[in-house]
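Below you'll find the structure, written out as structure tokens, and then a few comments.
There are 2 protein chains.
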Amino acid sequence: MPELRYNIATKDWVIIATERAKRPDDFKREKKEDKEIPAYSSSCPFCPGNEERAGEPTSVIKDKDGNWLVKVVPNKFPALSCTGEPDKTNEGVYHSVNGVGVHEVIIESPLHNMTTAFYENSQVENIIKIYKQRYLELSKDPRIKHVIIFKNHGLSAGTSLEHPHSQLLATPIVSTQVANRESAAREYHDENGECVYCKMINEEIEAKERIIIENKNFIGIVPYAAFSPFHTWILPKKHKSSFGEISEEEIKDLASILKETLAKLYCGLGNPDYNYCIRTSPFTDSENNYFHWYLAVIPRITKPAGFEVGSGMFINASLPEQCAKFLREKAVI
Amino acid sequence: MPELRYNIATKDWVIIATERAKRPDDFKREKKEDKEIPAYSSSCPFCPGNEERAGEPTSVIKDKDGNWLVKVVPNKFPALSCTGEPDKTNEGVYHSVNGVGVHEVIIESPLHNMTTAFYENSQVENIIKIYKQRYLELSKDPRIKHVIIFKNHGLSAGTSLEHPHSQLLATPIVSTQVANRESAAREYHDENGECVYCKMINEEIEAKERIIIENKNFIGIVPYAAFSPFHTWILPKKHKSSFGEISEEEIKDLASILKETLAKLYCGLGNPDYNYCIRTSPFTDSENNYFHWYLAVIPRITKPAGFEVGSGMFINASLPEQCAKFLREKAVI
């Protein structure tokens, strides 16, 4: 019998389609001819030596010899413009805001052919550190209400650039989905006197069956109502509503879990395309006791189709418990 | 300057990214080697002669000689099971419902190589008639709360079956997105004393610039805050909250507009992959004065990436007004 599961934090239903269910191994990517990528490409604006084409960095982390390890540059084709004011217009049913915001690229490594699964832990720490720097810097801009930090890995995940990078997009409005999740979390807190994510973390630690990986400060799980195969949430164990509150010690622990999770996906599923994103409270409500920031990893293994578009629900042809077990037991080699 | 536009009906924001903007022509699909598809395939369960493999139809429309023109069969790999009761379980943060529901396939034509853009109008009428028959039949099942009728055309839209078909999935719950849209429409009605969709239709008829096509009973527009290029809404002009209320005359007009819109997409963009879906009120609230049913067509031209996953917002690199003009003026040949 298939099952409809409800995610009590996001209020989303998912169909766990057991009649169509596949074993975790069945999602392994067919061996494609992954072309050999060079460590340096003269045509790549993100490779060392091409700094002028990448643009003036807004943030850099360097090694002791002064070479950059991670840096942030403006996106050359920004979705939002960094100048101007977010003025509104409102005529009848037409409501708009000037597209003011910040769109940046985080160049994650000087090496053209690197991938997060193979970084040193210290490199992932640097990436998270620079995310935090930019987050805190942007939080001072009164025009900005929210920041989405995300990564697109591979063609199906929406990138065609080889050089390893992630992005941030700072918006002058809070998206409806983010606002809805905040208000769902607030409602749960009002009714139950606790953070729904803290509650979920405690229940997952007790149940054990959906845990992929855990350390002192973070836990990685496949959520009970995961909307797609191997969908993973990496949550800080301590309640913090905003990513900007991450401590030095937590950065180390997040780096270690993120790298390990991506390495398990790489080894277990054959370098699948994926997105990750950091879900955090808006700047307008950055410290609260109901929303709990986390990082979501979404392997792009299945395609949303007409049913997903028409209902906002997903059909997941895998069991979250089996996906978690598969990744938990997958050795990284 | 880019622009953030708000869809007052769905409450969704979209970034209209003018810095990245493309002309409508730029979205034309690269000439792929579309392989020659035969009119009949002996291995296809949906082709005439293979009726046993398709399963017992739940609904059929035949020609005067008794040959089927359109028929509905159970999905062989259903996401939900048609037997049992939608019993609930509720333990801590884990909340589920038995996956009871109906998952059917609408075989749209006996011809293996047909596509909606080239159907006779009468064939599209038959398809909509059979959608309505199934909708009304399923509305009598007390276990079912909502029905999504949808079509996946092409690989990027989530189908690999060549034979032209659409699907319906009847669920024992109302998805959160559908519930949110209902409540947004109710709220607008409470505050303004009118249906937000009726208001939008009137403003679009006045503005003219986002209309693709129009007849007595329907209008096809690219919404002001369309979330992707050529995203189209086909709305009945008369307020009706549920698809099941569509009249005979309206079926004729919807068939004509749907076929013409898909033919314009076919000719203008080179047979793009697309989904369409019917958005209608849940059975539990099927007649109301605030929600307005419609059919949405979503060409799958761009890929949602990490930003879309993390925010629920979309970046649209096209101007809705330009997309509407392009399709409005596109002759079907």
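Residue numbers (the numbering used here), protein chains in the order written: chain A, 1183 to 1515; chain B, 1183 to 1515. For glycine and all other residues, C-beta sits at the position ideal for the given N, C-alpha and C. Every value quoted in this text rests on a predicted model; they were computed, and no experiment measured them.
**Report entry** is_contact[A/K1381, chain B] using C-beta, thresh 8 Å
**Finding:** yes
Requested in this report: Identify every residue that forms a DSSP beta bridge with A/C1459.
Outcome: A/F1332 and A/A1478
Query raised in the report: Tell me which same chain residues have a C-beta within less than 6 Å of the C-beta of B/A1299, skipping the five on either side of it?
Result: L1444, A1445 and Y1448
Query raised in the report: So which of B/I1483, B/L1417 and B/Y1188 has the shortest CA-CA distance to A/G1281?
Result: B/Y1188
Report task. For A/L1440, return the contacting residues in chain B, with the cut-off set at a CB-CB distance below 9 Å. Result -> Ordered by position in chain B, no residue passes the 9 Å Cβ test against A/L1440, which lies about 14 Å from the chain.
Requested in this report: At 9 Å on the CB atoms, spell out the chain A contacts of B/E1369, in chain order.
Outcome: Result: empty, since nearest Cβ-Cβ is about 13 Å, beyond 9 Å.
Report task. Taking B/I1197 and A/L1262 to be in contact with their CB atoms under 8 Å, please state how far apart those CB atoms are, rounded to whole angstroms. Result -> 7 Å
Query raised in the report: Since A/P1256 is in the beta strand (DSSP E), which residue starts that stretch and which ends it?
Result: W1250 to P1256
Report task. For B/C1573, decide whether its Cβ has a neighbour in chain A, counting only Cβ atoms nearer than 8 Å. Result -> Because chain B spans 1183 through 1515 in this model, residue 1573 of chain B falls outside it and cannot be assessed.
Requested in this report: Determine whether the Cβ of B/A1352 lies closer than 8 Å to any Cβ atom of chain A.
Outcome: no
Requested in this report: Could you tell me which of B/P1227, B/S1342 and B/V1242 sits nearest to B/R1235, measuring between CA atoms?
Outcome: B/P1227
Query raised in the report: The alpha helix (DSSP H) spanning B/P1502 covers which residue range?
Result: P1502 to E1511
Query - C-alpha gap between B/P1206 and B/I1331, whole angstroms - result: 28 Å
Report task. For A/I1243, collect the residues of the same chain with a Cβ closer than 8 Å to its Cβ; drop the 5 residues on either side in sequence, then sort them by chain order. Result -> W1250, L1251, V1252, K1253, N1308, K1311 and I1312
Query raised in the report: Using a Cβ cut-off of 8 Å, which residues of the segment 1462-1489 of chain A contact any Cβ in chain B, in chain order?
Result: A1478, I1480, K1485, P1486, A1487, G1488 and F1489
Query raised in the report: For a contact meaning CB atoms closer than 7 Å, what does B/I1355 contact in chain A?
Result: L1186 and W1195
Query raised in the report: Does the beta-carbon distance from A/V1275 to B/K1270 come in below 8 Å?
Result: no
Report task. Within 10 angstroms of the Cβ of B/L1337, are there 16 or more other Cβ atoms? Answer buried if so, exposed if not. Result -> exposed
**Report entry** Endpoints, alpha helix (DSSP H) assigned at B/H1371
**Finding:** T1358 to N1374
Query raised in the report: Would a check of beta-carbon distances place A/E1376 closer than 8 Å to chain B?
Result: no
Query raised in the report: If B/A1339 and B/Y1456 are in contact, beta carbons under 8 Å, what's the gap, nearest whole angstrom?
Result: 6 Å
**Report entry** Beta-carbon proximity of A/S1201 to B/P1260, cut-off 8 Å
**Finding:** The question names Ser, yet the displayed sequence has Glu at residue 1201 of chain A. Yes. Within cutoff.
Report task. Taking C-beta pairs closer than 9 Å, name the residues in chain A that B/C1459 reaches, listed in chain order. Result -> G1488, F1489, V1491, G1492 and S1493
Report task. Any chance you could list the alpha helix (DSSP H) runs of at least 4 consecutive residues sitting entirely within the segment 1264-1329 of chain A, in chain order? Result -> 1303-1320
Requested in this report: Measure the alpha-carbon distance for A/N1397 versus A/K1419 and round it to whole angstroms.
Outcome: 9 Å
Report task. Could you work out which residue in A/I1219, A/K1258, A/E1273 and A/P1230 is closest to A/G1248 when comparing CA atoms only? Result -> A/P1230
Query raised in the report: Using a Cβ-Cβ distance under 8 Å, would B/L1320 count as near chain A?
Result: no
Query raised in the report: Any idea what DSSP makes of A/G1402, helix, strand or coil?
Result: strand
**Report entry** Nearest-angstrom Cβ-Cβ length linking B/Y1472 and B/R1368, presumed shorter than 8 Å
**Finding:** 5 Å
Requested in this report: Can you give me, in chain order, the residues of the segment 1256-1269 of chain B that have a beta carbon less than 7 Å from any beta carbon in chain A?
Outcome: F1259, P1260, A1261, L1262, S1263 and G1266
**Report entry** Spatial distance of B/E1319 from B/R1510 (CA atoms)
**Finding:** 36 Å
Report task. Compute the beta-carbon to beta-carbon distance between B/F1209 and B/P1411, rounded to the nearest angstrom, for a pair I have assumed lies under 8 Å. Result -> 5 Å
Requested in this report: With a 10 Å radius around its C-beta and 16 neighbouring C-beta atoms as the bar for buried, classify B/P1220 as buried or exposed.
Outcome: exposed
Query - 4-residue-minimum alpha helix (DSSP H) runs that sit fully inside the segment 1185-1238 of chain B, ordered along the chain - result: 1233-1236
Report task. With a 10 Å radius around its C-beta and 16 neighbouring C-beta atoms as the bar for buried, classify A/T1341 as buried or exposed. Result -> buried
Query - Where the segment 1269-1286 of chain B meets chain A: residues whose CB sits under 7 Å from a CB there - result: G1274, V1275, Y1276, H1277, S1278, V1279, N1280 and G1281
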